[in-house]
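Student: When you line the sequence shown up against this note's numbering, it's residues 60 to 231, in that order. Where a beta carbon is used, it is the ideal one built from N, C-alpha and C, also for glycine.
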Amino acid sequence: MVKQPKDSCDGVLYDMDFRFRGAGIYGDHFYNQFFLDADGCFHMDDGPAFIDGEGNRLWFTHGLRNRKGGLPAYEGKNGDRAWYEDGVFHREGGPAIVYAEGNEEWWIKGSKLEEAEIKGYKEWLTLGKGTAFGHYLLHKEMIENIEGIVAEFEKGLAKPLKPMKPLPSFPR
60 MVKQPKDSCD GVLYDMDFRF RGAGIYGDHF YNQFFLDADG CFHMDDGPAF IDGEGNRLWF
120 THGLRNRKGG LPAYEGKNGD RAWYEDGVFH REGGPAIVYA EGNEEWWIKG SKLEEAEIKG
180 YKEWLTLGKG TAFGHYLLHK EMIENIEGIV AEFEKGLAKP LKPMKPLPSF PR
């Protein structure tokens, strides 16, 4: 499984020759238009934070590629689209990257799915088959945490859970 590095905001994300004057709209000699927050990170609440000179549009939230409402965070002039969540490729229910010529890439939380995983995921989405596989993909971190707790408990590293006290009965 391929992992994608996460975006970060170390000031402006590429080398530009301009003077940062705080939050606002900027432009450069390549006809790029971009919006920065007070920390110098790409950010815009209600539109693309970066529009390049050719018309490609990217949405950012405080330096991380992100767009709400199930819409793509990258819209290419040629028709390419990409979905991001918190700076990594992510889309539930469809491919995270759709190229104009029709090719697709499926990503969940920054991890690229292989062909077998995509097939299982599609079956899970459309037919309700393979639910354990789909649940694992969507909640992998939670499952790994639970497995770690169980392993610690089995090794005697974790304290056993105390039984809960019964709830008081309420009058009818």
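What separation, rounded to the nearest whole angstrom, lies between the Cα atoms of residue 121 and residue 110?
Tutor: As a working mapping, residue 121 is identified with position 62 in the sequence shown. As a working mapping, residue 110 is identified with position 51 in the sequence shown. Approximately 16 Å, taken between the alpha carbons.
Student: Should residue 179 go down as buried or exposed, given a rule of 16 or more other Cβ atoms within 10 Å for buried?
Tutor: The residue you call residue 179 lines up with position 120 of the sequence shown. Burial call: buried.
Student: Mapping the DSSP letters down to three states, classify residue 112 as helix, strand or coil.
Tutor: Start at 1 with the first residue of the sequence shown, and residue 112 comes out as number 53. Residue state, collapsed to three classes: coil.
Student: Three-state secondary structure (DSSP) at residue 179?
Tutor: In the sequence shown, the residue the question calls residue 179 occupies position 120. Helix.
Student: Enumerate in chain order the residues of its own chain whose CB-to-CB distance from residue 83 is below 8 Å, with the five nearest sequence positions on each side excluded.
Tutor: Counting from one through the sequence shown, the residue named residue 83 turns up at place 24. Cβ within range, chain order: 94, 95.
Student: Taking residue 126 as the reference, which of 170, 136, 101 has the closest Cα?
Tutor: Here residue 126 corresponds to residue number 67 of the sequence shown, with the count starting at 1. With distances taken between Cα atoms, residue 126 lies closest to 101.
Student: Under 6 Å Cβ to Cβ from residue 130, same chain only, skipping five residues before and after it: list those, please.
Tutor: Counted from its first residue, the sequence shown places residue 130 at position 71. None.
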